[in-house]
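K.L.:
If you want my numbering, it's the 1-based position in the sequence shown plus 2. Beta carbons are placed, not taken as given, at the ideal position from N, Cα and C, and that holds for glycine. Fair warning: this is a prediction, and the values are worked out from it, not measured in the lab.
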Amino acid sequence: MISIIHRLFQNQTLTHKVIFYVAAASTFIAGVLHLAIIPMFFTLMPMNVTVFFLVSGASQLFWMIPVLKRWSNLWYYVGIGGTVVLIVLFVIAVPGRGLPVSELELTIELIQIVFIISSIMIVRGRTTAKMVPDRKF
């Protein structure tokens with residue numbers, strides 16, 4: 003019985019590690035895709051839109067560091083909030099104006115949703131770990 007519990011605990015720890023990597027990978031991929039939009043549509047975008055994609059892409063690339071280094075929950079809250087803002091801006095700017103949604107845009111939004119979900123799982127796990135003294139997250 004103790005062996006089974008021990009294996010479950012080891013798998014749970016591995017699952018927690020995977021969640022950190024999923025969050026880091028998803029924000030990295032979303033950042034790269036935001037930056038990839040710039041050269042693809044540079045001649046079609048006004049300068050303020052180009053700067054927006056540059057800043058949002060660079061921010062998402064940077065956000066990999068707090069996730070992998072497991073900084074405080076504040077970083078996750080800001081990351082979640084910033085990503086929600088990006089999704090809301092997309093919904094207002096593209097489908098909200100009746101424009102067609104491309105596969106690239108859909109991919110970016112889905113990857114950002116993965117980041118939000120995995121970050122929420124990390125924060126919830128850390129909050130639960132604080133309530134249970136023997137649990138580390």
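Can you name, in chain order, every residue of its own chain whose Cβ lies under 7 Å from the Cβ of residue 25, other than the five neighbours on each side?
P.N.:
Excluding sequence neighbours, residue 25 sits near 69, 117, 120, 121 and 124.
K.L.:
Taking C-alpha atoms, which residue in 112, 54, 33 and 98 lies nearest to residue 67?
P.N.:
It is 33 whose Cα lies nearest to the Cα of residue 67.
K.L.:
In whole angstroms, what separates the C-alpha of residue 97 from that of residue 21?
P.N.:
C-alpha separation (whole angstroms): 31 Å.
K.L.:
Is residue 72 helix, strand or coil by DSSP?
P.N.:
Residue state, collapsed to three classes: coil.
K.L.:
Quick check on the DSSP output: the alpha helix (DSSP H) that includes residue 52 runs from which residue to which?
P.N.:
Here the alpha helix (DSSP H) through residue 52 covers 49-64.
K.L.:
Tell me, to the nearest whole angstrom, how far the beta carbon of residue 46 is from that of residue 109; I am working on the premise that it is less than 8 Å.
P.N.:
Actually they do not touch by this definition, with Cβ atoms about 19 Å apart.
K.L.:
Enumerate in chain order the residues of its own chain whose CB-to-CB distance from residue 62 is below 6 Å, with the five nearest sequence positions on each side excluded.
P.N.:
For residue 62, where only same-chain residues beyond five positions count, the Cβ hits under 6 Å are 29, 32 and 33.
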